[in-house]
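First the structure, in the form of structure tokens, and then the observations on it.
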Amino acid sequence: MLTKAPRGTKDVLPSESYKWQYVENLMREICEFYGYKEIRTPGFEHTELFLRGVGESTDIVRKEMYTFNDRSGRSITLKAEGTSPAVRAFIEHGLYAETQPTKLYYITPVYRYEKPQAGRLREHHQFGVEIFGAKSASADAEVISIAMTLLKKLGLNNLELRINSVGCPVCRKNYNKVLKEFLKEHLDELCDDCKVRYEVNPLRVLDCKVESCRRVTGEAPLITDYLCDDCRNHFEELKKYLDAMGYDYIVDPRIVRGLDYYTKTAFEIISKDIGAQGTVCGGGRYDGLIEECGGPSMPGVGFGMGIERLLLTLEQNGIEIPKPEGPDLFIAYIGDEAKLFTFTLANKLRFNGLKVEIDHMERSLKAQMKYANKLNAKFAVVIGEEELESKKVKLKNMATGEETEILIDEIEKAIKN
RNA sequence: GUGGAUAUAGUUCAGGUGGCAAGAACGCCAGAUUGUGGCUCUGGAGGUCGUGGGUUCAAGUCCCACUAUCCACCCCA
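Each residue of the first sequence is one higher than the one before, starting from 1 at the first, in full-length UniProt numbering.
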């Protein structure tokens, strides 16, 4: 146990971390182009935020949160989701009083007590984007296009964008009634889970995977046929924007997000290559959330993207992320006097912008050269008594093996050319 | 929470019906004449065979329990 990471957590070792850095940098860069600024919120929140934000009936709240009392007896919950904390900060700091919309992004760990499997962890990482204050469908479309742009820039083009509208409290209530009446007729054909869903949240019967349930729901009334004018117009608008950008998408009335706060737009981006947990990105509109959390009545849209799942998808599609380059220069030394000289020379060159490595393992000269090769150094020099005396070194190009004699003072210039 | 599979060197894996002083490949380290890498060759280090019980003259190999990992359900990113 002592030397084992807790269940559902993963170390990111140097052999992987460069991939994380690559995709995270790309996320930040894209957000910059879209004018979304980073927000960082705490790793934990007051439990009530998630109760209120995510919804008390959701699985996340009922059985997946890491909740504990701190030493003063406050109920604390590790960040279970990204949107509510962003909303909380938006309200707490009065950002709603500034010019709108407020466009935010974050890259953060998320904690949920789940049973680990492919693409599902207890600590996972999300890239999230939120836009507060904009009710226009162009905001929904912009948020979706951030996700799509990221995927495209990574070379991923076989993921599926699925969209739906889950309506507003008014039309959803209406639809719920219709759906419930329909399901009531077929209650005996549904699986046991769905009999419970029928009571708690009938919408979720729609995405049940059990064959018999699918047969029933195939005939079920669709929410998209029951939207109120406002919701239907919004959905049509969104599709117009998506069409204009040339995105392929599927309207999937079965999409039901597991968080209570969604209204109107709900969408998912799905990979078929990473096992049963294929939702790489999920999001939607939440026009009631900010008010629900104690803020002004303001709309919002956003998404969360699972970084682990994104990386899995890249791997499954054979997309290679560029490996970090080796050092510009490896300086090998012979003898203690040369080591001291080498050490300070390396430091100076690094300060001036070269990536320089030296040996710390008392290696022989030959072993230092092997090491330089292994590190993928571009150039190498050897410094011993002769070089200390003459102030000259042979700069070796490790790719070609070619050596040129130059002054030690000329190393920086020679490599930079 | 339910179900299935698996657990042998740093890594990926071999080890029919119980008899190993436990192997391979890759990786790691060191050498192949004197101050220079990549290829090749030689040698070396490294394993409580997940943990704890049990059966047996004898268990990595059979039985039980526990733990962990993987996969699926559920749910979600």
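Note that the Cβ used here is the ideal one computed from N, Cα and C, for glycine as well.
### Sheet register partners of residue 285 (DSSP bridge)
Counting from 1 along the first sequence, the entry for residue 285 is found at position 285. DSSP lists 263, 301 as partners of residue 285.
### Task
For residue 262, count neighbouring C-beta atoms within 10 Å of its own C-beta (all shown protein chains included) and say buried if the count is 16 or more, exposed if not.
Translated into the one-based positions of the first sequence, residue 262 becomes position 262. Its Cβ being crowded by 16 or more others within 10 Å, residue 262 is buried.
### Task
Say whether the segment 195–212 touches the segment 141–157, bearing in mind that this needs 3 or more beta-carbon pairs closer than 8 Å, one atom from each stretch.
Proximity of the segment 195–212 to the segment 141–157 falls short of the contact definition, fewer than three beta-carbon pairs being nearer than 8 Å.
### Task
Take the Cβ of residue 137 as the centre, count every other Cβ of all protein chains shown within 10 Å, and call the residue buried at 16 or more, exposed below.
Position 137 of the first sequence, counted from the first residue, corresponds to residue 137. Classification for residue 137: buried.
### Message
Going by DSSP in three states, residue 218 sits in which element: helix, strand or coil?
### Response
Position 218 of the first sequence, counted from the start, is the residue given in the question as residue 218. Collapsing the DSSP output to three states places residue 218 in a helix.
### Query
How is the alpha helix (DSSP H) around residue 152 delimited, first residue to last?
Locating residue 152 in the first sequence gives position 152, counting from the first residue. From DSSP, the alpha helix (DSSP H) with residue 152 extends over 137–153.
### Message
By the three-class DSSP mapping on this structure, what secondary structure does residue 271 have?
### Response
Within the first sequence, residue 271 is the residue found at index 271, counting from 1. It is coil, neither helix nor strand.
### Message
I'd like to check one pair, residue 53 with residue 103: are the Cβ atoms closer than 7 Å?
### Response
Here residue 103 corresponds to residue number 103 of the first sequence, with the count starting at 1. Here residue 53 corresponds to residue number 53 of the first sequence, with the count starting at 1. Contact flag unset, no.
### Query
So residue 164 is in the beta strand (DSSP E); what residue range does that whole segment cover?
Walking along the first sequence from the start, residue 164 turns up at place 164. Where residue 164 is concerned, the enclosing beta strand (DSSP E) stretches over 160–165.
#### Entry: Integer Cβ distance of residue 252 from residue 172, believed to fall under 8 Å
Indexing the first sequence from 1 puts residue 252 at position 252. Indexing the first sequence from 1 puts residue 172 at position 172. Not a contact, Cβ separation roughly 17 Å.
### Message
With H, G and I counted as helix, E and B as strand and the rest as coil, what does DSSP make of residue 421?
### Response
Coverage of the chain is limited to positions 1 through 417, which leaves residue 421 absent and any answer about it impossible.
### Message
Can you give me the C-alpha to C-alpha distance between residue 85 and residue 257, rounded to a whole angstrom?
### Response
Indexing the first sequence from 1 puts residue 85 at position 85. Indexing the first sequence from 1 puts residue 257 at position 257. Taking the straight line joining both Cα atoms gives about 18 Å.
#### Entry: Paired residues, beta bridge with residue 378 - DSSP
Start at 1 with the first residue of the first sequence, and residue 378 comes out as number 378. Partner(s): none; residue 378 has no beta bridge.
### Query
What is the rounded straight-line gap between the Cα of residue 242 and the Cα of residue 141?
Along the first sequence, one-based indexing puts residue 242 at 242. Along the first sequence, one-based indexing puts residue 141 at 141. Taking the straight line joining both Cα atoms gives about 6 Å.
#### Entry: residue 302 and residue 130 closer than 7 Å at C-beta
The sequence position of residue 302 within the first sequence is 302, counting from 1. The sequence position of residue 130 within the first sequence is 130, counting from 1. With contacts defined by Cβ atoms closer than 7 Å, residue 302 and residue 130 form a contacting pair.
### Task
Please determine, among 56, 98, 336, 378, the residue with the shortest C-alpha to C-alpha distance to residue 354.
As a position in the first sequence, residue 354 is number 354, starting the count at 1. Here the closest residue by C-alpha is 378.
### Query
In chain order, what residues of the same chain have a beta carbon less than 6 Å from the beta carbon of residue 408, not counting five sequence neighbours either side?
In the first sequence, the residue the question calls residue 408 occupies position 408. Here the set comprises 391, 393.
#### Entry: 8 Å contact criterion, which residue 255 and residue 266 should meet: CB distance rounded
On the first sequence, position 255 is the one that residue 255 refers to. On the first sequence, position 266 is the one that residue 266 refers to. With 8 Å as the limit, residue 255 and residue 266 qualify as a contact, their Cβ atoms being about 5 Å apart.
### Query
Rounded to a whole number of angstroms, what is the C-alpha to C-alpha distance between residue 232 and residue 135?
Sequence index remark: in the first sequence, residue 232 carries index 232 (1-based). Sequence index remark: in the first sequence, residue 135 carries index 135 (1-based). The C-alpha of residue 232 lies about 14 Å from the C-alpha of residue 135.
### Task
Following the continuous beta strand (DSSP E) through residue 157, name the residue where it begins and the one where it ends.
Stepping through the first sequence from its first residue, residue 157 is reached at position 157. Residue 157 -> no beta strand (DSSP E), and no H or E assigned at all.
### Query
In the structure shown, what three-state DSSP assignment does residue 352 receive?
Working through the first sequence from its first residue, we reach residue 352 at position 352. Assigned with DSSP and collapsed to three states, residue 352 falls in coil, not helix or strand.
### Task
Could you please give the first and the last residue of the uninterrupted alpha helix (DSSP H) stretch that includes residue 89?
Mapped onto the first sequence, residue 89 falls at position 89. Residues 83–92.
### Query
For residue 290, does the three-state DSSP call read helix, strand or coil?
One-based indexing of the first sequence puts residue 290 at position 290. Residue 290: helix per DSSP, three-state reduction.
### Message
For a test of the three-state rule: what should DSSP assign to residue 346, helix, strand or coil?
### Response
Locating residue 346 in the first sequence gives position 346, where the first residue counts as 1. DSSP places residue 346 in helix when its eight states are reduced to three.
### Message
Would residue 295 and residue 91 be called neighbours here (beta carbons separated by less than 7 Å)?
### Response
On the first sequence, residue 295 is found 295 positions in, with the first residue counted as 1. On the first sequence, residue 91 is found 91 positions in, with the first residue counted as 1. Taking 7 Å as the Cβ cut-off, residue 295 and residue 91 qualify as a contacting pair.
#### Entry: Closest residue to residue 11 among 244, 112, 125 (Cα-Cα distance)
As a working note, residue 11 is residue 11 in the first sequence. Measuring C-alpha to C-alpha distances from residue 11 to each of 244, 112, 125 identifies 125 as the nearest.
#### Entry: Distance between residue 341 and residue 77 (C-alpha atoms, nearest Å)
For this step, residue 77 is matched to residue 77 along the first sequence. For this step, residue 341 is matched to residue 341 along the first sequence. The alpha-carbon atoms of residue 77 and residue 341 are separated by roughly 54 Å.
#### Entry: residue 4 versus residue 350 - alpha carbon distance
The residue given as residue 4 occupies position 4 in the first sequence. The residue given as residue 350 occupies position 350 in the first sequence. For residue 4 and residue 350, the gap between their C-alpha atoms comes out near 36 Å.
### Task
Please classify residue 96: does DSSP put it in a helix, a strand, or coil?
On the first sequence, position 96 is the one that residue 96 refers to. Look at residue 96 here: in three-state DSSP terms it is helix.
### Query
Roughly how many angstroms lie between the CA atoms of residue 55 and residue 222, to the nearest whole one?
Numbered from 1 along the first sequence, position 55 holds the residue referred to as residue 55. Numbered from 1 along the first sequence, position 222 holds the residue referred to as residue 222. Taking the CA atoms as reference points, residue 55 sits about 24 Å from residue 222.
### Query
residue 110 lies in the alpha helix (DSSP H); which residues open and close that run?
Within the first sequence, numbered from 1, the residue matching residue 110 stands at position 110. Premise fails: residue 110 lies in the beta strand (DSSP E), 102–111, not in any alpha helix (DSSP H).
#### Entry: Spatial distance of residue 312 from residue 334 (CA atoms)
Numbered from 1 along the first sequence, position 312 holds the residue referred to as residue 312. Numbered from 1 along the first sequence, position 334 holds the residue referred to as residue 334. Answer to the nearest angstrom: the Cα atoms are 46 Å apart.
### Task
Please say whether residue 133 and residue 298 have beta carbons closer to each other than 7 Å?
Translated into the one-based positions of the first sequence, residue 298 becomes position 298. Translated into the one-based positions of the first sequence, residue 133 becomes position 133. In this structure, residue 298 places its C-beta atom within 7 Å of the C-beta atom of residue 133.
### Message
Less than 7 Å between C-beta atoms, sequence neighbours within five positions excluded: which residues of the same chain meet that for residue 362?
### Response
Here residue 362 refers to the residue found at position 362 of the first sequence. Within the same chain, residue 362 has no close Cβ partners at all.
#### Entry: Counted within 10 angstroms of its Cβ, other Cβ atoms place residue 229 as buried (16 or more) or exposed
For the purposes of this step, residue 229 is taken as the residue at position 229 of the first sequence. It is exposed - the Cβ of residue 229 has fewer than 16 other Cβ atoms within 10 Å.
### Message
Suppose the cutoff is 6 Å on Cβ atoms and the five residues either side in sequence are ignored; what does the same chain contact list for residue 270 look like?
### Response
Mapped onto the first sequence, residue 270 falls at position 270. Spatial neighbours of residue 270 in its own chain (CB-CB distance under 6 Å, excluding positions within 5 residues in sequence) are listed in chain order as 160, 278, 279.
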